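>
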Amino acid sequence: MWLILGFLSALLLGVYDVSKKISLQNNAVIPVLWSSILVSCTILTPFLLVSWLSPDTLKDSAFYVPSVDFKTHLLFVLKAVIVLSSWLFAYFAMKHLPITIASPIKATQPVWVVVGGLLIFGEQLSGYQTAGVVVTLLSFFLFSIAGKREGFSITGGNKWIWFIIMATLTGAVSGLYDKYLLHRFNHMAVQVYYTYYQAIIMGLITIFLWYPTRKKTTPFQFRWSIVFISVFLVSADFAYFYALTMDGSLISVISTIRRAGVIVPFIYGGLIMRDKNMKLKMLDMIGVLVGMFLLYLGSK
């Protein structure tokens with residue numbers, strides 16, 4: 001069952017990426033991000049209120065949100081800061097990069113989680129995992145070649161490429177932190193509380209950094225795709241967090257599987273947005289998927 005939830009999370013994440021790209025086209029990044037987080041809070045609020053006001057209603061379900069102590073709230077604040085850092089980098093990169101470059105590079109995130117596990121937790125890599133890391137890293141650099149042909153070069157100092165790299169690395173830090181949180185705390189508590197802290201932090205950024213300079217930057221336009229960002233992200237995260245609570249589930253396998261959702265934005269970029277150099281990117285994309293599959297085999 002947890003494998004099915006992992007694949008469901010992957011599909012939802014793919015549609016989330018497409019919704020994000022649509023929302024960010026010729027739009028202000030910071031208020032788009034804050035708006036999507038506020039919608040996420042709206043979706044999650046009923047579960048929190050019912051858990052508080054009538055705990056027996058959800059007590060034995062997957063939707064129950066337990067109360068936590070002050071120290072745990074601080075851990076969730078840290079989670080919010082890490083995720084927001086990754087999202088800010090990712091949203092700016094997604095706005096300015098072709099989706100067929102940004103999404104596959106972000107999809108290499110499980111590799112950095114594996115490397116982080118090796119360096120931080122002293123985990124040992126199997127032969128499959130080592131091969132998966134090598135193949136994925138090779139594909140990562142091949143994407144940089146495709147990007148160079150379109151004017152988005154790592155060595156050329158293009159900041160948006162570096163933004164998606166930073167989004168990937170900070171996302172890997174978040175994945176490693178999930179290993180710590182989800183073995184200690186209820187999955188709904190993690191998802192609900194850190195989403196609220198994201199809304200508070202992002203609200204301060206929007207009000208004090210974006211709003212005073214809004215007339216000098218790209219104007220903000222509300223689009224319904226912003227709502228879809230939240231719907232698909234909340235659903236994907238719920239499937240992901242809930243899968244991790246099941247007996248026998250492996251975070252390394254689930255986090256790898258859910259990155260396979262990159263196929264959805266890749267198809268969208270090729271068929272709808274008519275991105276360039278699709279033959280080269282397709283080879284690179286296959287490399288990423290092979291790397292993900294090798295990581296999966298090595299983590300079983």
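According to this note's numbering, the sequence shown holds residues 1 to 300 in order. Heads up, the beta-carbon is just placed ideally off N, CA and C, and yes, glycines get one too. No experiment lies behind these values; they were computed from the predicted model shown.
Please classify D60 as buried or exposed, where buried requires at least 16 other C-beta atoms within 10 Å of its C-beta.
Its Cβ having fewer than 16 others within 10 Å, D60 is exposed.
> Please go through the same chain and pick out, in chain order, the residues whose beta-carbon is closer than 6 Å to the beta-carbon of D275, but skip the five residues on each side of it.
Closer than 6 Å at Cβ, skipping near neighbours: P98, T100, G269.
> Identify the continuous alpha helix (DSSP H) that holds V231 and give its terminal residues.
Element bounds for V231: 224-244.
> Does the contact criterion of 3 or more C-beta pairs under 8 Å hold for the region 192-200 versus the region 70-77?
In short, these stretches touch, since the Cβ pair count reaches three.
> I think I257 touches A10, with their Cβ atoms under 8 Å apart; what is that distance to the nearest whole Å?
Confirmed, Cβ separation roughly 6 Å.
> Any beta carbon from chain B within less than 7 Å of V77's own beta carbon?
Here there is only one protein chain, and chain B is not present.
> Nearest by alpha-carbon distance to L119: which of A172, T213, W87, K106 is it?
Residue A172 is the option with its Cα nearest to L119.
> What do you reckon, are the CB atoms on S36 and I229 nearer than 7 Å?
Cβ atoms of S36 and I229: closer than 7 Å.
> Sort V231, S255, I254 by Cα distance to T42 and report the nearest one.
If we check each option's Cα against that of T42, V231 comes out closest.
> Should F92 go down as buried or exposed, given a rule of 16 or more other Cβ atoms within 10 Å for buried?
Classification for F92: buried.
> Helix, strand or coil: how does DSSP classify Q191 here?
Helix, per DSSP.
> Where do the N-terminal and C-terminal ends of the alpha helix (DSSP H) with L97 fall, by residue?
From DSSP, L97 is part of no alpha helix (DSSP H); its letter is neither H nor E.
> Mind checking whether I82 and S174 have CB atoms under 7 Å apart?
Taking 7 Å as the Cβ cut-off, I82 and S174 qualify as a contacting pair.
> Residue ranges of each alpha helix (DSSP H) run of no fewer than 4 residues wholly in the region 14-102, ordered along the chain?
Within the region 14-102, the complete alpha helix (DSSP H) runs of at least 4 residues are 29-53, 55-58, 70-96.
> Mapping the DSSP letters down to three states, classify A107 as helix, strand or coil.
A107: coil per DSSP, three-state reduction.
> Give the DSSP-derived three-state secondary structure of M1 in the structure shown.
Looking at M1 - three-state DSSP - the assignment turns out to be coil, as it is neither helix nor strand.
> Go through its chain and collect everything with a Cβ distance to N186's Cβ below 6 Å, but skip five positions before and after it.
Here the set comprises P66.
> Just to confirm my understanding: we take A90, look at its own chain, exclude 5 residues before and 5 after, and list those with CB closer than 7 Å. What are they?
Excluding positions up to five away in sequence, the list reads K106, I164, A167.
> By DSSP, does R184 sit in helix, in strand, or in coil?
Residue state, collapsed to three classes: coil.
> Hey, W2 and I263 are a contact pair by Cβ (cut 8 Å); roughly how many whole angstroms apart?
Not confirmed; about 21 Å, so no contact.
> Tell me which residue opens and which closes the alpha helix (DSSP H) that Y211 is part of.
No alpha helix (DSSP H) holds Y211; DSSP gives it neither H nor E.
> So for F220, helix, strand or coil by DSSP?
Coil, per DSSP.
> According to the Cβ coordinates, are V32 and L38 closer than 7 Å?
Contact: no.
> Assign T213 to buried or exposed, taking buried as 16 or more other Cβ atoms, counted over all protein chains shown, within 10 Å of its Cβ.
By the neighbour-count rule (16 or more Cβ atoms within 10 Å), T213 is not buried but exposed.
> Take G132 as the anchor and find which of Q109, S54, F143, E150 has the nearest alpha-carbon.
It is Q109 whose Cα lies nearest to the Cα of G132.
> Going by CA-CA distance only, name the one from V114, F143, Y64 that's closest to T322.
Lying outside 1 to 300, the shown extent of the chain, residue 322 is not represented and no answer is given.
> Under three-state DSSP, which class holds Q198?
Looking at Q198 - three-state DSSP - the assignment turns out to be helix.
> For the region 240-247 against the region 44-58, do three or more pairs of beta-carbon atoms, one drawn from each stretch, fall closer than 8 Å, so that the two count as touching?
Judged by Cβ distances under 8 Å, the region 240-247 makes no contact with the region 44-58, as fewer than three pairs qualify.
> CA-CA distance, T206 and Y128?
Whole-angstrom Cα-Cα distance: 44 Å.
> K21 and M94: beta carbons closer than 7 Å?
For K21 and M94, yes; Cβs fall inside 7 Å.
> Between which residues of its own chain and S103 is the CB-CB distance below 7 Å, once the five residues before and five after are set aside?
Cβ neighbours of S103 beyond the five flanking positions: D17, V262, P265, F266.
> Under a Cβ-count criterion, where at least 16 other Cβ atoms within 10 Å of its own Cβ denotes burial, should R259 be classed as buried or exposed?
When all chains shown are included, R259 counts as buried.
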